[in-house]
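Numbering (this note's numbering) for the sequence shown: 19 to 1058.
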Amino acid sequence: MVKNFKHLLGTVVVFLAFIPVYGQNSDSSIDVVIGMIERLESQKDAKCYATANRLEDFMYGTPLSEEARNVRIDIQKALVLFLKEECTKQARAKGLQSIDYETVVNTIDNIVVIGRLENKDFYIDLKDERILIKLVDFRQYSSVSYGYRSLLSVEQDLMIFNNDDYFPFSEEAIPMVYNFINFMTLASLQLSDREARTSGKTIINSEDLINGWYTLLDGIKQKGAINPDYPEFEAVELNTTNEVLEKIIEQKISSYNEYNQLNTSVFLRNIQVYFAKQIWPSEKAKSDELKNYLLESLIAFCDVLIKDAEQVAEQNNRSIIRLEDVQLALQRYTPFTANYFEDITFFPNYGSKAITIESYDLDAFRDSGIHWQILSYCLEDHKAEYQKEIDPNAAELIVEGLAQMGVLVLRLAGKESKAMGKDLLHLEDISFGFAEVQRRINGYQEVVIEDKAGAIVGNKTYGSKTAKTGFRDITQEAGINFMHKSSDWLSRYIRSYVVGDSNLIRLSIPPAFGGSGIAAGDVNNDGWDDILILGGFGNKLYINKGGKFSLSEASNILSVWSDSRTSYGEPRQPIIADFNNDGWQDIFISYVNAPHRLYQNMGAGSFKDVSDAAKLGGLGQVAGPATAFDYDNDGLLDIVIGYFGNYLDGKLPSLSRNNQNGDKNVLFKNMGDFSFKLMADPFSSGLNSGWTQAMGHTDINRDGLQDFIVGNDFGINEYYINNGDGTFDEMSGKLGTNKPSYTMNVGVGDLNRDSYPDLYISNIVVMQKDEKYVSPNENTTMKFDPDKMKTIRTVEANDLFLSRGDGLNYSLSTDIGRGYSATGWSWDADFFDYDNDGDDDLYVLNGMNDFAVYGTENPEYYNAEGSLSGVEYASSSKEKNVFFINDNGQLINKAKELNTDIISNSRSAAYLDYDNDGDLDIVINNYHGESVLLENLTAENNNWIKVKLEGDATQKVNKDGIGATILVSSENHKNLWREVHSTDGYLSVHPRTQHFGLGKDEIMDIKIIWPNGTTAIIEKVKCNKAYNIKYPNLVSIRQK
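Have a look at this one:
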């Protein structure tokens, strides 16, 4: 373990500690710092303002607000100034004229204890705790010149204001200063992230960031020695030269050329194909005319932007244009918001008329370095007119604004050109683009977005929980013994996967996101729910015998063995449902690269394989989720099967926000007697070929027809509204749910009690910091390099969509907490009332991505020649599950208190009352781990009822009542909503029996809306009983 800062950094590999620099013969610290930035940015990506911000947001998972980012810069500058001041004193005492390496190291060692662990990670010791800083975090953060820009800003300030109280840092000392800034910043970001999570915030504001820094600075050796407030030097009359900015521009252009090596023809191709999406003229004279007009117009915009920023700086009594001055000026011209992908939405208040530019198009514009060239031209033309110097951080945002304006104008120009029926771009089209931006600016302030979504309904109950509240693991006690593994054939396939790239075969990892499903249901009609668990070493059916489980012999027929592969199949989605309306629960299982299986329940615990008759496909394809519902209300359950791209066929997702290069999802109509008919593309949108991870069905618009939702990875989720004529219209745009996603789950409930379904979408966003994409576009294939995937970064981005009361509009809800752990890489997430208090709670399963398969536990990888090779992959660290209790309308994470924060790679779960005691228990299928059964111990003495429907096929209502809506109302709980589903969440199936918590209420009314539209009302029903209700309203008590 290393504690001395000098020896610590001596053990750090790379990090620019000893590199040749531009301007090394110059006495100016400014030249040295700029030279170091040039070397860094010629070798590393993420030079642009947006990408740098995105990495910072991904470091610990909570993004920074714009104000917080500004504060971070100022505190970094204050840190530099403090270090300069302390080091200057020591250097002066030693008779030096500059601050040498030893002086910097000794000063840092006197301030803070920074050490390194045997696993190569770092730490900072504070008074009461140790802050760990992972090597990968330090390396990736140091690959972006945050600290260098802050150091450069300080050096510029001291030069401009002729402050000679501070000695310059020597060339050898500057990398030490840079590393120190990065260590301290990462520690403060980690503390600020913790502050935000503890407060349930989804963004780090300036107060959180300041608190994080104060916690850090109060805990170091020299407590309180560092003042985090950077002084704003008094405004003075300056002889403005922007000499430093000119050097920065020269460095930037050189770095972009060195790193990306793009030529003009590629840039013009991008304009034609991706920016304007209209043909650029090939005739040289016309091409030059357009280029010159676009260039001059952007130079003019740059000039206006700088002068506007000068006015803002003047109002703030500043002699230098700072980052916040440009932020305010830029929002006046192109108001925008940015999402997790760095996609920019311009004029967001215009709703459907807002314009979104994807980050890869902005990257392709910036990769040429033309935005810095435009700033250079602007200085050449207008330098004498400027009254203020431009700070290095402000310059970064100015050129970011130029790139945004350039792509925005080209997009508008191309759209207008095509609308006018032109074959190629004309000068008047680009002129229109600029004029259209101005028109939108003029009317923008008058636009207001109104949110009409109802609030989550909940009870204030958590504070009174008894000691018995929560769950306990009874897996072994109950007789469950299941270990999930991927099938042997898939494991071998993944480990030998290669892709071709320009005559080069390279190792890759297919996105074979795995994990298998779980289902609960009463397969033997004895009133006790049984459990089916899927896995690649065989599926297991556990029969519930009065609260104890035994393995069914039917497990053998329910498992598929391939002699040719010497492997079990790779199962995904189970469905337990009555497909032939005979009163017995049949079983469907989807597979990867194998025929999907359908089993008829023959009674007496036996099943018959009827897959050959069903002919549901699957061979040569990558199936994922499936769901069953009666789409045409003929009384028979139909099946929709989703497909996850097709990496078996060499298909990989691109950078597109809406990948549609996978196999089509398919609808099979139930023709009766286990015969199904493949329907010919009933999805009118022309989409339906995404990388589908989840599916759910529900009546979104309450018209009596079941709609369904497709949760796509690498794309946009699709919401298909049933037209009643055998076709479906995709309506995500109209519903307001069409945001780019990496979706793993679709959970359905009704939290705001408007009787329309609300939706919880498990979703993550990833960042491949170590991967390089030059001039990317929507068709650029994503890279899955095994060496670089091990450092992939993810942040949670789960969405709770609440209906606005008409079934046609949804709004994102913020009434959901986070907690320190928050949600990670989430999979199944479903609503249920765990404590019977009459409101819905939410359990979210988390787990690392599939690249964890190749972690330290199993590092072998088969190369293209078939031999084993050792490759280091992403850490297979597991994550805690999250349990949100509904506390007075706020979803608050109480997983730890409820003992549900199991550390695992969880995938799917079923909620069932396995012991028939009136509360719901949880069974979980963990990816590459043991299944877990959690018994609900909640002793609230709250009341409940269970309702199980039985349909009538002669009345065109399927036997399971799937698609029916049940509304329960009591004195204190109105419109408790349940809809009977065949599947839920991610590869999960809950029993058909619907469970309602009632709090202290004892009498309630039940309203049933059957799939054929028949409504039944049953009044004055007593609590704490299980009811069977046969179509339309014949009631019997199943359990006392």
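The beta-carbon is built from N, C-alpha and C at its ideal position, and this holds for glycine as well.
Quick test of your reading: Ala712 and Tyr778, contact by CB under 8 Å. State the CB separation rounded to the nearest angstrom.
About 11 Å; that fails the 8 Å criterion.
Below 8 Å on the Cβ atoms is my guess for Ile238 versus Val98; work out the distance and round it to an integer in Å.
At roughly 16 Å, the Cβ-Cβ gap does not stay under 8 Å, so Ile238 and Val98 are not in contact.
To test your reading of the DSSP string, which unbroken alpha helix (DSSP H) runs of 4 or more residues are found completely within the stretch 386-447?
Correct list: 388-400, 410-437.
Does the beta-carbon distance from Gln296 to Leu58 come in below 7 Å?
Cβ atoms of Gln296 and Leu58: not closer than 7 Å.
Pull up the distance between the alpha-carbon of Ala572 and that of Ser949, whole angstroms please.
About 19 Å.
Going by other Cβ atoms of all chains shown within 10 Å of its Cβ, with 16 needed for buried, is Asp146 buried or exposed?
Exposed is the call here.
Counting Cβ pairs closer than 8 Å, one from the stretch 747-767 and one from the stretch 779-794, do we hit at least three?
A contact exists between the stretch 747-767 and the stretch 779-794.
Verify whether the separation of the beta carbon atoms of Gly981 and Phe606 is less than 7 Å.
Their beta carbons are not under 7 Å apart, which means Gly981 does not touch Phe606 by this criterion.
Residue from Pro186, Tyr395, Gly133 with nearest C-alpha to Ser47:
Ser47 has its Cα closest to that of Pro186, out of Pro186, Tyr395, Gly133.
For the beta strand (DSSP E) containing Tyr929, list its first residue and its last residue.
That run of the beta strand (DSSP E) goes 924-930.
Determine the direct distance from the alpha carbon of Leu909 to that of Ser217, and round the result to whole angstroms.
Distance between Ser217 and Leu909, taken at the CA atoms: about 13 Å.
Helix, strand or coil: how does DSSP classify Tyr838 here?
Note on Tyr838: pLDDT 46, under 50, position unreliable in the model; the coordinate value appears next. Tyr838 sits in coil when the DSSP states are folded into three classes, being neither helix nor strand.
Using the three-state DSSP reduction, which class does Thr233 fall into: helix, strand or coil?
If DSSP states are grouped into helix, strand and coil, Thr233 belongs with the helices.
With a CB to CB cut of under 6 Å and the five nearest residues on each side skipped, what residues in its chain are close to Ser1054?
The beta carbon of Ser1054 sits closer than 6 Å to the beta carbons of Asn1046 from its chain, once the five residues preceding and following it are set aside; these are given in chain order.
If you draw a straight line from the alpha carbon of Thr710 to that of Gly653, how long is it in whole angstroms?
Rounded to whole angstroms, Thr710 to Gly653 spans 27 Å at the Cα level.
I'd like the list of long-range same chain contacts for Arg287, defined as Cβ closer than 8 Å, with 5 residues on each side in sequence excluded.
Once the five neighbours on either side are set aside, Arg287 has no close Cβ partner at all.
Looking at Val50 and Gln174, is the spacing between their C-beta atoms short of 7 Å?
Their beta carbons are not under 7 Å apart, which means Gln174 does not touch Val50 by this criterion.
Rounded separation between Thr80 and Leu420 - CA only:
Approximately 28 Å between the Cα atoms of the pair.
Around the Cβ of Glu403, are there at least 16 other Cβ atoms within 10 angstroms (buried) or fewer (exposed)?
Exposed, since its Cβ has fewer than 16 Cβ neighbours within 10 Å.
Closest residue to Met697 among Ile920, Asp650, Ile317 (Cα-Cα distance):
Checking every option, the nearest Cα to that of Met697 belongs to Asp650.
Please list, in chain order, all residues of the same chain as Phe36 whose beta carbon is under 6 Å from its beta carbon, the five residues on each side excluded.
Unreliable placement is indicated for Phe36, whose pLDDT of 33 sits below 50; the coordinate value is still reported in the next sentence. If we look at Phe36 and ignore the five residues flanking it on each side, it has no Cβ neighbours.
Identify which residue in Gln333, Leu550, Ala1034, Ser272 has its Cα closest to the Cα of Phe567.
Nearest neighbour of Phe567 by Cα position, chosen from Gln333, Leu550, Ala1034, Ser272, turns out to be Leu550.
Exposed or buried, Met423, counting other C-beta atoms within 10 Å across all chains shown (16 or more means buried)?
That one is buried.
Buried versus exposed call for Gly533 [16 or more other C-beta atoms within 10 Å across all chains shown]:
By the 16-neighbour rule on beta-carbons within 10 angstroms, Gly533 is buried.
Around the C-beta of Thr972, are 16 or more other C-beta atoms found within 10 angstroms, so that it is buried, or is it exposed?
Its Cβ having fewer than 16 others within 10 Å, Thr972 is exposed.
Might you give, ordered along the chain, the residues of its own chain that have their beta carbon closer than 6 Å to the beta carbon of Lys102, omitting 5 neighbours on each side?
Result list for Lys102: Tyr184, in chain order.
Can you tell which of Asn664, Lys695, Gly601, Pro592 has the C-alpha that lies nearest to the C-alpha of Asp630?
Checked all of Asn664, Lys695, Gly601, Pro592; the closest Cα to Asp630 is Lys695.
Run the CB neighbour count on Trp579, radius 10 Å, all protein chains shown included, and call it buried at 16 or more, exposed below.
With fewer than 16 Cβ atoms within 10 Å of its Cβ, Trp579 is classed as exposed.
Span separating the alpha-carbon of Gly1017 from that of Ala214
Note on geometry: alpha-carbon atoms of Gly1017 and Ala214 lie some 33 Å from one another.
Would you mind reading off the limits of the beta strand (DSSP E) that contains Glu190?
Boundaries for Glu190: no beta strand (DSSP E) harbours it, and the DSSP string shows neither H nor E there.
Cut-off 7 Å between Cβ atoms - residues of its own chain near Glu84, not counting five sequence neighbours on either side
The residues are Gln345.
I need the DSSP call for Ser509, collapsed to helix, strand or coil.
Residue state, collapsed to three classes: helix.
Which runs of the beta strand (DSSP E), 3 residues or longer, sit entirely within the stretch 284-341?
Entirely contained in the stretch 284-341, not one beta strand (DSSP E) run reaches 3 residues.
In DSSP terms, what Gln626 is bridged to:
The question names Gln, yet the displayed sequence has Lys at residue 626. In the DSSP output, where bridge partners are listed per residue, Lys626 has Gln618.
Per-residue burial, Ile52 [other beta carbons within 10 Å of its own, 16 or more giving buried]
If you draw a 10 Å sphere on the C-beta of Ile52, you find 16 or more other C-beta atoms in it, and that means buried.
Given this structure, state the Cα-to-Cα distance separating Ser386 from Ser793, to the nearest angstrom.
Roughly 8 Å separates the two Cα atoms.
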